[in-house]
Every structure is written in C-alpha cells, then in structure tokens.
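One structure below.
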Amino acid sequence: MVKTGAREESFSFNRDVVAYINSAAERGVYDIRGMGAKRYLPTFDDLVFLTASMSRYPLEGYREKCETKTVLGTRSAKKPVELDTPITIAGMSFGALSAHAKESIGRAATAAGTSTTTGDGGMTLEERASSKTLVYQCLPSRYGFNPDDLRKADAIEVVIGQGAKPGGGGMLLGQKVSARVADMRTLPEGIDQRSACRHPDWTGPDDLAIKIHELRELTDWQVPIYVKIGASRVLNDVKLAVKSGADVVVLDGMQGGTAATQQVFIEHAGIPTLPALRQAVEALDEMDMIGTVQLVISGGIRTGSDVAKALAMGADAVALGQGVLIALGCNSACYTDVQGSEVDVTPDYEKLGTAPGYCHHCQSGQCPVGITTQDDELERRLVVEEGARRLGNYLSVLTLELVTLARACGKSKVHNLEREDLVALTVEAAAMAKRPLAGTDWIPGT
Amino acid sequence: MDSVGASVKLDLAQTTLRKVNHFLQHELGKEPAGTVEILNPAGAHNIAVGLDAPVDVHIRGHAGYYVAGMNKRATVTIHGNAGKGVAENIMSGVVRVKGDASDGTGASGQGGLLVVEGNAASRCGISMKGCDIVVGGNVGHVSGFMAQAGHLVVCGDAGAGLGDSLYEAVIYVRGRTHGLGADAREEPLTDADRATLAELLSAAGFDYDPGAFTRIGSARTLYHWNAEHREAYG
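Those sequence lines, one after another, are chains W and F. For the first sequence, position 317 (counting from the first letter as 1) is numbered 316 according to numbering that gives the first Met the number 0, and the numbering increases by one without interruption. For the second sequence, position 154 (counting from the first letter as 1) is numbered 153 according to numbering that gives the first Met the number 0, and the numbering increases by one without interruption.
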C-alpha cells in the first residue's frame, strides 16, 4: 500500500497494473516490444573482486602484459575461432537491424579482433565482407539458410532459444519486412513474420547430435558448432547440448534482448544471467568438459567489470547485443549526420510515445537513430563509419576495463580470473553465484 | 572404392562416411561426373549431404537422417527407405526415395524436386521455401506446416493439421484430408494448377489425373498479427 494524503494506492493493483488491464481490455492484444527485461534482477553488479594486496600481488598496469586472446571451438573443429578479446557480438538479424547497423557491427568487430553473428534471416554480402570472423546461425525458421553461406562461415551456431524468450519463436512485424528482407526470407513483403519455436528437422538432443554431425559433414569438420540456449533449466540443457556434440555452448540469460516479442515473455520467462552462468559451469564441471567445451555467456553484459566477473565465474567469452546497439546510438537524443553534425530526434521518440533513454520500440521499425529499421530515410541516420567508430571505442573500453581488473587480481591472462576472486554484496547474489557474502564465509544454501 | 569408367562404387561397409562424403563433395569436380553407387548404407545418417555437382548417386539400401541434405544439382536416389529430414534444405537437383520417408521430409527445401514413391511421415514439407515435393502415398500430420513457397503434391491421403500456418506454398491432395491446419483452406483448382500438377506428376513418374486433386492454399488471415489493431503494434 502506498499512501498519499488521504489516498491509498494498492500494491497489487497499482497504477501500472491498472494501465495494463485497461490497455488489454481496450485493445484485446498483448504488448509486443524490443530490448530486454526492465524489472530489477540480480546482476554482476552484486559481485565485487577481491583484488591483490598482501596475500597476492598485482601486475603493473602499463608494463606487464595481460593476455586477452580467446579460442573457441577446440573440441572437434579443425579451425577453432581465435579472437583477440573474449568480448563477442551476439546474433542480431538483418531485418531486425538495418544494413547500416550490421555493417557497422562487422567493421567494429573486425577492428577489435572479435566475431560477430548473423541472425534470423541469413547472411548478407555486406555482413560477410565487413566481418573477419562471422558466426552463421542455424535457426528454427531457416530463413535464408543455404549451403554456400554455411561454408563461408567461421563457426555455426544452432539456436535453440534466447534469453528474452526461451521457448518462443521469432517475430518480425510487417513494418520491417521490406522487399529485401522479404526476398531473403522467401516471404511476402509487409506481412507480420512468424517464426517457429522448434527446428523443422530435429526434435530433442538425440536428433540434434545427428544434425550437428550433418553440419560437420557439410563443412568438412572445419568450423566449430555452437549451440545457443535460453537460460531456463540450465543444468540439464547445458549437459544435453554438450552430449549432442556442441563445441561451444552459448547461454543467454533473462536480461538478453530481442527485436520483438511479447512483453510477458521478456519479463516473466527464464532465469537471470548470474545464476544461469553458475549452473552452466557446474554442468560442464560435472561432465569434466571445462576446457574442452567453451562457454559463452550473454544477457545484460554491459561493462568491462561484467565481462571480468563473467570470466571469473567460468565463462570463456561473453556476447553483447543491447550494449552494442546502445554504442551505435540506440536511445540517444541525437544522431550524427554525414557532416558530423548532431541532429536532435527527440520528437521522433515522442511520436513513438517514448523518450531517449526509455525506448524499446525496436518492433516498430521506426527507430529514430536508424538502427532497428528498414526505412531508407531512417537508416541513413546511422552513418556506418560513425557507428563503427563508436562501437569500436566501446569494445576497446570493455577490454581495457577487463584487463585492469585482471591485472589488479594478479592475472597475466584474463582467462586466469577465477571464482575465488569474487564475493557477493547481497544475500541473493551470494546464493545465485555461490560466492560468499562479502566479509563472511557464508554462502546461502550450502 | 571401385571405379569402372564413369561409374564409381563406394561401399559403406568398407569405408567411412567421412570418406564417402568427402569424395562426393570434393573429388567429383563440377562437371558431369557420371554415376556413383553407395553400397551397404545400413541406415547410416548424413549420407551424400552437401553435394554440389551434376552427378547421379544411387544409395542401394535404407538411409538414415538427412540423406541428401542441402542437395545442389545432384540426382540422388535412395533405393530403400529414408530417415528424418531427407533432402532437408534441398536447393536444386532431384532426390528420389523409392520406399517410405520419415518425418520432416524436404524440410525448408528451397528448390529442386523431391519424390517419395511410398509414404512420408509427419511434417512433410515443413517450412519449405520453394522446392517441389511429390509423395506417391500418404503424408502424416501437420505436413506443409509454415510452408512458404513451392508445391507439395500428395497422391494419397493427408494427416490432420495439413498446411497449418501456411504462407505461399500450395498443397495438392488426391485422397482424403483428415483436417486442415490453422489458416489453410480448400481453393478451386485452376488451369494453372492442373498444368503445374501435370508437370510435377510427370517429373515424379506418376500417372494420375491432375483434375482429381484438391488444392489447399493459405487464407492469409495470419499475415497480420491483428488487423483491427495493427496500428497498436507500431
């Protein structure tokens, strides 16, 4: 109960809930939106590092090297993916994103020495050309999926689910199904595209093992096969992915973003990234697969400290989605035009019923800064060179922050960060991460 | 490996699947390569996947999952039954199953022709994107699910949920249909349909009257999430 003077607002039926019920009652449809969960969730912010002091010594920040090289897919592939940083770019489709956004991402990832990933809808020429290391997704829809692009890929990612909507299929509303997008996906232009939530030619882990074998035969056993899952029953799902033959497990937590899905999915399905990561590492450990099968964690990774904590918890790499979009200019009040001038687009946010900093209207195709749109005029607002510059800077800062923390923990390689380096600030984070509450040796539940 | 003139015999009882597929994918070259026979398949999975050459491949026996997956240009004949996902994502060429096929036949196929002389199990033609599939017998439930483009011809009966969530693919059924899926509907058979059917039946080697088929197409009511409130999604 919230009391304001003589008025009492219900906790259960507060103004937000009343607005939701009124909207549902008036329109008869549920809300669809983009981005990730907005509710409070435990995050990596709830952990802190026990950096070096008397009991161990740190590395000098500018003299002693801290290695960031990352290798993914060592289990079966002849050519594992070798990256200069453990910070990778998550799968986001051309269709959900503009071609300018995809090209900006490819250029920035290449400059940073990391990988980027296709998405539902296939591989574009610009994306392949701009990305030194490109992961090609195999999704339930199989839109644009073909053997020629498969063989151009540096790794293949079989997508079973994503953190924003584990158990749900894809969605691309008609506003974004342009002629080019429709052609790539073999769909009529302008329709609301629905994607299946299950793959068309396999069901369950025994089938998946054969599917993965087929993909290896198709690509001459050259490239790694990733399996991406949304975080829900993590312990079992990771084990089944490994049993199916995955070289790399990509685990997407609840904070992961989407271009469009039902709001009820985003806020009420799956588990947060923090406990999901811990469970995934436990699953690999129980199977004696740590170091054999690599783990990539995604879902709300924002900062270099998030990356460092994820690695310390046991991830081999992280994948970024929403952070990438924000670096490109998502939720900014202005875009920078080709002349380098800043142009205020606050009125365009207002037309969507929102404001800079609050926008999640990726589903609308009316992105004021040209990132999540297929509208030519809006797309031009994202200048590829400027987008690549900004994203490159962001990736650079994350890597610098990562090595700053790793050096302070006395690590000459970022992959030497370990769970013992972390403690929790809250009881719930202590329980979820199974790290002691700071200043104690207490881990709830143990 | 036995080679006589332009004919090559590969025995899966004597050599590994990896060697067989490597030979088919890399050593046939891109020019017409004659005939390849694969002996003793014994239900092995992933035989002859990823071919991209105008070669004639005969698999002498039953094959497992994904036989002739992602086929381009090759003509592959399975002289037996085929497991799940035969010719999945076929791009071009012809794949023929002399016996029956398991579920997901021709899943997501983008081009070419797939013929099943016997029956095909559930979800035949699921998510197909432009290929043509002709089944001599019956198809199982939810065949043509979310089929986007191409033709699925069923010379026998079709199981329940036929054409569920259909996009622009067209389904023809000669026998009984045990229920249509969401958004699928019977439509009048046009002269163009009869011509298409005649061509596909001839290519598949079936001598049925095109006029005896029923056309199933999409009612397109699912093309927009909710037309009345479409603006609300923007």
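We put the CB at the ideal spot given by N, CA and C, even for glycine.
Determine whether the beta carbon atoms of W:ALA446 and W:ARG379 lie at a separation below 8 Å. The requested residue 446 of chain W does not occur in the structure, where chain W is confined to residues 0 to 445.
Nearest to W:VAL382 (by Cα), restricted to the options W:ALA332, W:ILE300, W:ALA163 and W:ALA98: W:ALA98
Quick check on W:ASP15: buried or exposed, where buried means 16 or more other Cβ atoms within 10 Å of its Cβ? exposed
Output yes if chain F places a C-beta closer than 8 Å to the C-beta of W:PHE93; else output no. no
Host beta strand (DSSP E) of F:ARG59 (start-end): 55 to 59
Quick check: what's the CA-CA separation for W:LYS77 versus F:ASN45? 20 Å
Could you give the C-beta distance for W:SER194 and W:GLY229, rounded to a whole number, given that I count them as a contact under 8 Å? With a Cβ gap of about 14 Å, W:SER194 and W:GLY229 do not count as contacting.
Rounding to the nearest angstrom, what Cα-Cα distance links W:ALA430 and W:THR445 in this structure? Straight-line Cα distance between these residues: approximately 9 Å.
Apply the 10 Å Cβ neighbour rule to W:GLU213 and answer buried if 16 or more other Cβ atoms are within range, or exposed otherwise. buried
For a cutoff of 8 Å on Cβ pairs, would you count F:VAL121 as touching chain W? Note that residue 121 of chain F is Ser in the sequence shown, not Val. So, not an interface residue.
Please identify, using Cβ separations under 7 Å, the residues of the segment 137 to 155 of chain F that lie next to chain W, in order along the chain. MET145, GLN147 and ALA148
Chain F contact residues for W:ASP191, given Cβ-Cβ distances below 7 Å: TYR222, HIS223 and TRP224
Does DSSP put F:GLY155 in a helix, in a strand, or in coil? coil
Presumed contact (8 Å Cβ cut-off) between W:ALA318 and W:LEU71, rounded CB distance: Between W:LEU71 and W:ALA318 the Cβ distance is about 11 Å, and since that is not below 8 Å, they are no contact.
Closest to W:SER304 by CA distance: which of W:THR345, W:PRO367, W:ASP45 and W:ILE211 is it? Of the candidates W:THR345, W:PRO367, W:ASP45 and W:ILE211, the one whose C-alpha sits nearest the C-alpha of W:SER304 is W:ASP45.
In angstroms with no decimal places, state the Cα-to-Cα distance between W:GLY143 and W:ILE190. 17 Å
Within its chain, find whatever has a CB closer than 6 Å to the CB of W:ALA208; leave out the 5 residues flanking it on each side and keep chain order. SER243 and GLY244
Name, in chain order, the residues that DSSP records as bridge partners for W:THR87. W:ALA318
Using DSSP's beta-bridge definition, name the partner residues of F:TYR171. F:VAL152 and F:ARG214
Using the three-state DSSP reduction, which class does W:SER194 fall into: helix, strand or coil? coil
Close Cβ partners of F:ASN118 (< 6 Å) along its chain, the five nearest in sequence each way excluded: ASP99, GLY136 and ASN137
Given F:GLN24 as reference, the closest of F:VAL134, F:ASP182, F:GLU185 and F:MET69 once Cα atoms are compared: F:MET69
Counting only the same chain and skipping the five closest in sequence on each side, list residues whose C-beta sits under 6 Å from that of F:LEU234. Since the first residue of chain F shown is 0 and the last is 233, residue 234 of chain F is not available in this structure.
State buried or exposed for F:GLN109, treating a residue as buried only when at least 16 other CB atoms are found within 10 Å of its CB. buried
Name the two residues that bound the continuous beta strand (DSSP E) containing W:THR115. 114 to 116
I'd like to know whether the C-beta of W:LEU172 is nearer than 8 Å to at least one C-beta of chain F. yes
At which residues does the beta strand (DSSP E) containing F:ALA183 begin and terminate? Where F:ALA183 is concerned, the enclosing beta strand (DSSP E) stretches over 183 to 186.
Would you call W:SER52 buried or exposed, if buried means 16 or more other Cβ atoms sit within 10 Å of its Cβ? Taking all protein chains in view, the Cβ of W:SER52 is surrounded by fewer than 16 other Cβ atoms within 10 Å, so the residue is classified as exposed.
How about F:SER107: is its C-beta nearer than 8 Å to some C-beta of chain W? yes
What residue from W:GLY339, W:SER297 and W:TYR348 has the CA that sits closest to W:TYR357's CA? W:TYR348
Local conformation of W:PHE48 per DSSP, three classes: strand
Any beta carbon of chain W sitting closer than 8 Å to that of F:GLY288? Since the displayed chain F opens at 0 and closes at 233, residue 288 of chain F lies outside it and no answer follows.
For the segment 382 to 408 of chain W, enumerate the residues whose C-beta is nearer than 9 Å to any C-beta of chain F, in chain order. none
For a cutoff of 8 Å on Cβ pairs, would you count W:LEU186 as touching chain F? Interface criterion met: the Cβ of W:LEU186 is under 8 Å from a Cβ in chain F.
Burial state of W:GLN338 (16 or more Cβ within 10 Å): exposed
Of all Cβ atoms in chain W, is any one closer than 8 Å to the Cβ of F:GLY4? Any answer about F:GLY4 is weak, because its pLDDT of 44 lies below 50 and its placement is not dependable; what the coordinates show is given next. Judged by the 8 Å Cβ criterion, F:GLY4 is not in contact with chain W.
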